[in-house]
Amino acid sequence: MAGPKRKWKQLTPEEIISGGSVIIDYETLLKEHDIEQVAEHILEASYGESDYMKKDTIDRFLDFAFFKAMTGYWDSPSDAFPCRRMSDRELESRIVEIINVHLYPEIVLKLLKFFTRNLHDPDSNLFIANMIQSREIIKAVYDTFVLFRKDVFEPDRNRRCLNVKRIQQFSPRSDDRLSSPLDAAARFKYVLEFILLKINVSAVYTPEDLRLAPVL
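Below you can see the structure in the form of structure tokens.
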């Protein structure tokens, strides 16, 4: 005779995030729990990370969002901006909210690092850029573009790549070819041009502000 069925206990957001696993079930977190509570635990867990060279819970959350978009469907505003979106629109809306509202401002540096480190497939930065709606985050992306553009004309060879390396969290002794301010500025320009197609950001920047060449 079969015994009584064991009642399944739903894990709390804290138990899912702090369970000691490198892999966090963000999908369950976002679908089955309060978003504000999830964001709070993601932030608290990230504060506990002592090694800044390793990915924390916010970095891994962005990796999850990127993967879900990458495995979704094509939704491009033009041929010049190939973009993918998540097939699960409910999950996408929750991720958009948590990025733009609940993880701000801590997520800003993580987004800048994500865009700056993506050397080999920069077009895919649009998958994450498509989720950005906050004017404050957009301004941070634009300000970083301006910083990188200025560094292109830095005469000191040893200083030229330092700001890019800081955002990438690379060692100052890493190969300068991985941290070219011109390449980084071009990647950010592409993201900002894409955002222009979606959102009215005239109060932050205009197409003319995205010139890579200095205005004479």
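Each residue of the sequence shown is one higher than the last, beginning at 899 in the numbering used here.
Note that CB positions come from ideal geometry on N, CA and C, so glycine has one too.
Three-state class that DSSP yields for residue i in the structure shown
| i | result |
| --- | --- |
| R992 | helix |
| S1032 | coil |
| R1075 | helix |
| R983 | strand |
| Y971 | strand |
Residue i to residue j span [Cα, whole Å]
| i | j | result |
| --- | --- | --- |
| P1105 | E1091 | 7 Å |
| D957 | P1003 | 14 Å |
| E942 | I993 | 18 Å |
| Q1031 | L1024 | 13 Å |
| F979 | K1037 | 20 Å |
| E1052 | E930 | 50 Å |
| I1093 | S1022 | 14 Å |
| Q1067 | K1011 | 7 Å |
| L1076 | N998 | 29 Å |
| I996 | S1072 | 33 Å |
| L1095 | T955 | 31 Å |
| A1101 | P1020 | 26 Å |
Range covered by the alpha helix (DSSP H) that runs through residue i
| i | result |
| --- | --- |
| Q1066 | L1060 to Q1066 |
| Q935 | I933 to Y945 |
| F965 | T955 to M968 |
| P1079 | P1079 to K1096 |
| Y924 | Y924 to E930 |
| F1013 | I1005 to R1015 |
| F1025 | N1023 to A1027 |
Cβ-Cβ separation, residue j to residue i (assumed contact under 8 Å), whole Å
| i | j | result |
| --- | --- | --- |
| A963 | T1014 | Between T1014 and A963 the Cβ distance is about 17 Å, and since that is not below 8 Å, they are no contact. |
| S991 | C981 | Their Cβ separation, rounded to whole angstroms, is 17 Å, which puts S991 and C981 out of contact at 8 Å. |
| P1070 | L1060 | 7 Å |
| E925 | L989 | 7 Å |
| A1084 | L1045 | Not really, about 14 Å apart at Cβ, beyond 8 Å. |
is_contact[residue i, chain C] using C-beta, thresh 8 Å
| i | result |
| --- | --- |
| V999 | The structure shown contains no chain C; it is built from a single protein chain. |
Can we say the region 985-997 touches the region 962-971, given the rule of at least three CB pairs closer than 8 Å? Here the region 985-997 lies against the region 962-971, with 3 or more beta-carbon pairs under 8 Å apart.
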